[in-house]
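>
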Amino acid sequence: MRRITAGICLVAGVVSSGISPALGQDAAPAESALVVDQSTLPDAIDLKGARPKADSSVLPPAVDALPASLEPLVAPPSLALPDAPSQVRVRELRPLTLEEAIQLAEFNSPQLKAAASQVDQAKSALRAAISAWYPTVDLSASAEYFKSYSYRNPDFVPDRVVRNSNGGITSSSDGGTTGSEPTTGEITPLEEITGSDPTTGETSSTTAEETTGPNTRDGYNERYGRQWRTNVSLQLSWDLINPARVPQIAAARDRFERSGEAYLIALRDLRLEAQTAYFELQRADEGVRIGQASVKASLVSYRDARARFNAGVNTKLEVLEAETQLARDRNTLTTNLRLQDEQRRNLARVLDLPQDVTPTAATPARPLGLWEPSLQESIVAAYNYREELDQLILDISINNSQANASLAAVQPVLRFVNSTTASRSEGQIGQTSLSEIDMGDFTYGWDNSTALRANWRLFDGGRARAEYRRFKQAAEQSRFDFANRRNRIRLEVEQSFFGLRAAIQSIDTTAIEVLSSKESLRLSQLRVQAGVGVQREVVNNQRDVTQAELKYARAISDYNTNLARLQRRSGLDALVACNAVSLPASKPEFEQSLIPIEPTPLKTACPPVATAGSLMNQNQDSPVQPLW
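Here the sequence shown stands for residues 222 to 849, where the numbers follow the working numbering.
1) Given the structure, does P263 come close to the ligand SAH, in the sense that its CB is under 7 Å from one of the ligand's heavy atoms?
2) When we look at the beta-carbon of Q308 and count the other beta-carbons within 10 Å, is it buried (16 or more) or exposed?
3) For E697, name the three-state secondary structure that DSSP assigns.
4) Mapping DSSP to helix, strand and coil, what is G590?
5) Helix, strand or coil: which one does DSSP assign to T318?
6) Determine the DSSP secondary structure at N761, reduced to helix, strand or coil.
7) Going by DSSP in three states, S915 sits in which element: helix, strand or coil?
8) Can you have a look at W592 and say buried or exposed, based on whether 16 or more other CB atoms are within 10 angstroms of its CB?
9) Could you tell me which residues DSSP puts in a beta bridge with S640?
10) Could you tell me if S522 is buried or exposed, where buried requires 16 or more neighbouring beta carbons within 10 angstroms of its beta carbon?
11) Rank W667, D276, A322 by C-alpha distance to the C-alpha of E292 and give the top, closest one.
12) Give the straight-line distance between the Cα atoms of N676 and S627, rounded to the nearest whole angstrom.
13) Which residues bound the beta strand (DSSP E) around D359?
14) In the DSSP assignment, find the beta strand (DSSP E) that holds P580 and state where it starts and stops.
15) By a C-beta neighbour count over all protein chains shown, 10 Å radius and 16 as the cutoff for buried, is D263 buried or exposed?
16) For K334, tell me which candidate among S299, T318, D359 has the shortest Cα-Cα distance.
17) Have a look at L793, A630, A583, I470 and flag the residue whose alpha-carbon is nearest the alpha-carbon of F680.
18) Using the Cβ count rule (16 or more neighbours within 10 Å means buried), how would you classify I600?
19) Measure from the alpha carbon of P281 to the alpha carbon of each residue in D562, F637, E327, Q768, then state which is nearest.
20) Given that a residue counts as buried once 16 or more other Cβ atoms are within 10 Å of its Cβ, and exposed if not, what is L613?
21) Out of L787, A582, N535, R790, which one is the CA nearest neighbour of V755?
22) If you pair each beta-carbon of the stretch 653-669 with each one of the stretch 481-493, do three or more pairs fall below 8 Å?
23) Using DSSP's beta-bridge definition, name the partner residues of Y665.
24) Give me the Cβ distance between R504 and A586, rounded to the nearest whole Å; I'm assuming they're in contact under 8 Å.
25) Say whether the stretch 630-640 touches the stretch 451-462, bearing in mind that this needs 3 or more beta-carbon pairs closer than 8 Å, one atom from each stretch.
26) Kindly indicate which three-state DSSP category T536 falls into: helix, strand or coil?
27) Identify the continuous alpha helix (DSSP H) that holds F500 and give its terminal residues.
28) Could you pull out every residue in the same chain whose Cβ sits closer than 6 Å to the Cβ of E770, ignoring the five residues on either side in sequence?
29) Hey, could you find the ends of the alpha helix (DSSP H) R348 is sitting in?
30) How should Q694 be labelled, buried or exposed, when 16 other C-beta atoms within 10 angstroms of its C-beta is the threshold for buried?
31) With Q597 as the anchor, note down where its alpha helix (DSSP H) starts and where it stops.
32) Would you check if the stretch 716-727 and the stretch 767-786 touch, i.e. whether three or more CB-CB distances between them fall below 8 Å?
33) In chain order, what residues of the same chain have a beta carbon less than 6 Å from the beta carbon of S640, not counting five sequence neighbours either side?
34) Would a C-beta distance cut-off of 8 Å place A518 and Q763 closer than the cut-off?
35) Which of the three DSSP states is assigned to V256 in this structure?
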């Protein structure tokens, strides 16, 4: 009966342990436990609008000026390229706080400046698209000096002539007439042409040779010309009806809004990158400190082991074990020094500091604060404030506008055109010699024309319709991309939240591990001094202390990193500041409840003295308020 009763109690305990945390974590109303019909969820376009605008007030703006203490750390010119070793030699180690690092990153970052430049480009493109509503005025002018010379073959003999209606004669040698075919002319053989003798006045018939024989007078077969020509034209054109104008302007406006969203995303990513780099540097600094302390402690143990060996109270094996541990600690210190140098230069890259400056962490690694919104509130906040979702909605609008613009290719266009032209020419052409040209002979004139021009492409082989379908399909793809991004955003928030919760547990457990290992080291040292212990216990406990302190530093870094990621991924600055956490002077009593067997609610890593009124990075005027 005892076994049966124990089994029942065990099963009941397992069941209750799996249910009670879930009930205690989120005390929700009973109706919230019902399954939600996903088809009734609100539409993103209905919530955010078909064309959501970038709201810069959601996020504190980037700094536009540095304090006087940070002015020497302004980034070098964008195209600066050192060409000498002295230009990149580090001459200054500059301690920086986390706030100063973020300010320098916002002021110096070339990525953020490039994002701001893209906003300006999109604004200019929008202004260019709006110009389609206005008329265009074109002015053209030309000045030309014209000079001509022509020569006619005097031996040319036509085989027939054409008598025009006015009595003139036109020769032809190719069976036709020169120029256009006359409508009232009469073709007559050359042998029957009659003419008048200029000397006697008598009428007689002439032969072809006599009529068309070569003229040998000088200059008769040569023609000269010379003119000055000027022309000025002014044309006004205005599209009264242009179906492509409105959708093109709408697409340009959406691209401008999208560039604003991209700038806010770049600003959020930059702040997270600066914070992460600073936390990694703090972790590397803590590793160097721990490594230095471990080397000092191992060196003392090694010297003590050699002294005891020389006194004959210790064995050679214990000396070798102490020496081995000293070598391990020195190797750990070397690795941590390398990581420290790398993280310093990585932070310098993020901040875009001058080439001869290397930043250092001015403050040790401590938990920044606590996160009070629940997981569900953080997810909903991410859906509301993440600009990535707004960008995809804008992509849908842009594709729809481009689809409408593509149909404009087969729609009528009505254009008003008014053209005014003025011209002037001075000189003559067709003269027998240059001396006979009179440059005072000029001609002046102007003309004006007003017209309505309609253009309508009736058939384009189906190109416009195909382009319309392509953009509509792209809009549909953006809808699927929205769903994918929505799911990824939730996963990112959950990963940061779970990581933050695990980091809190790690801070608790590693703190206990540090205190316990230090106490074990102290007791083992006392045992060796009393002659009841061996040096191996001291070496092992010293190694445990080093590993525990490294774990504790990693837990602090992971906590701060996940806290910064949760701020970035949720879009909230709901961070409550707390006092710096340090290890207590005495070893706390170990509580069984600290073991994270089952999921537990998110608790604070800050001391109980933290007040909810001290908000970090929270602007009183900001519309983004904590959700608790």
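Here a beta-carbon is modelled for each residue, glycine too, at the ideal position from N, C-alpha and C. Here the structure is a predicted model, which means the values were calculated and not measured.
According to the data block:
1) Among the ligands in the structure shown, none appear at all, so the ligand SAH cannot be discussed.
2) Indexing the sequence shown from 1 puts residue 308 at position 87. Exposed, since its Cβ has fewer than 16 Cβ neighbours within 10 Å.
3) Residue 697 sits at position 476 when you count from the first residue of the sequence shown. Helix at E697.
4) Here the question's residue 590 lines up with position 369 in the sequence shown. Three-state result, G590: strand.
5) The residue you call residue 318 lines up with position 97 of the sequence shown. It is coil, neither helix nor strand.
6) Position 540 of the sequence shown holds residue 761. Residue state, collapsed to three classes: helix.
7) There is simply no residue 915 to check, as the chain begins at 222 and stops at 849 in what is shown.
8) In the sequence shown, counting from the first residue as 1, residue 592 sits at position 371. Result: buried.
9) Mapped onto the sequence shown, residue 640 falls at position 419. Answer by DSSP bridge pairing, in chain order: Q456, S670.
10) Walking along the sequence shown from the start, residue 522 turns up at place 301. The residue in question, S522, is buried, as its Cβ has 16 or more Cβ neighbours within 10 Å.
11) Looking up residue 292 in the sequence shown gives position 71. Among W667, D276, A322, the Cα nearest to that of E292 is on A322.
12) Taking the first residue of the sequence shown as position 1, residue 676 is located at position 455. Taking the first residue of the sequence shown as position 1, residue 627 is located at position 406. Computed Cα separation, rounded: 16 Å.
13) The sequence position of residue 359 within the sequence shown is 138, counting from 1. Counting along the chain, the beta strand (DSSP E) containing D359 begins and ends at 357-372.
14) Taking the sequence shown and counting its residues from 1, one reaches residue 580 at position 359. Here the beta strand (DSSP E) through P580 covers 578-582.
15) Reading the sequence shown from its first residue, position 42 is the one you call residue 263. Note on identity: in this sequence residue 263 is Pro, with Asp being the wrong assignment. Under this definition P263 is an exposed residue.
16) The count along the sequence shown starts at 1 and reaches residue 334 at position 113. Considering only alpha carbons, the answer is S299.
17) Numbered from its first residue, the sequence shown carries residue 680 at position 459. F680 has its Cα closest to that of A630, out of L793, A630, A583, I470.
18) Position 379 of the sequence shown, counted from the first residue, corresponds to residue 600. With 16 or more Cβ atoms within 10 Å of its Cβ, I600 is classed as buried.
19) Translated into the one-based positions of the sequence shown, residue 281 becomes position 60. For the residues D562, F637, E327, Q768, the minimum Cα distance to P281 belongs to E327.
20) Locating residue 613 in the sequence shown gives position 392, where the first residue counts as 1. Flag for L613 reads buried.
21) Taking the first residue of the sequence shown as 1, we reach residue 755 at position 534. Closest by alpha carbon: N535.
22) no
23) Start at 1 with the first residue of the sequence shown, and residue 665 comes out as number 444. Bridge partners of Y665: R645.
24) Here residue 504 is taken as the residue at index 283 of the sequence shown, counted from 1. Here residue 586 is taken as the residue at index 365 of the sequence shown, counted from 1. 6 Å between Cβ atoms; contact.
25) yes
26) Along the sequence shown, read from residue 1 onward, the residue named residue 536 stands at position 315. Looking at T536 - three-state DSSP - the assignment turns out to be coil, as it is neither helix nor strand.
27) Position 279 of the sequence shown, counting from 1, holds the residue named residue 500. 466-531 is the extent of the alpha helix (DSSP H) around F500.
28) In the sequence shown, residue 770 corresponds to position 549, counting from 1. Counting only Cβ-Cβ distances below 6 Å, and skipping sequence neighbours, we find I511, V735.
29) Within the sequence shown, the letter at position 127 stands for residue 348. Taken as a continuous stretch (DSSP letters only), the alpha helix (DSSP H) holding R348 covers 331-351.
30) What you label residue 694 is simply residue 473 of the sequence shown in a count that begins at 1. Exposed is the call here.
31) What you label residue 597 is simply residue 376 of the sequence shown in a count that begins at 1. Segment 596-606, the alpha helix (DSSP H) holding Q597.
32) yes
33) For the purposes of this step, residue 640 is taken as the residue at position 419 of the sequence shown. Contacts found: Q456, S670.
34) One-based indexing of the sequence shown puts residue 518 at position 297. One-based indexing of the sequence shown puts residue 763 at position 542. Taking 8 Å as the Cβ cut-off, A518 and Q763 qualify as a contacting pair.
35) Within the sequence shown, residue 256 is the residue found at index 35, counting from 1. Coil, per DSSP.
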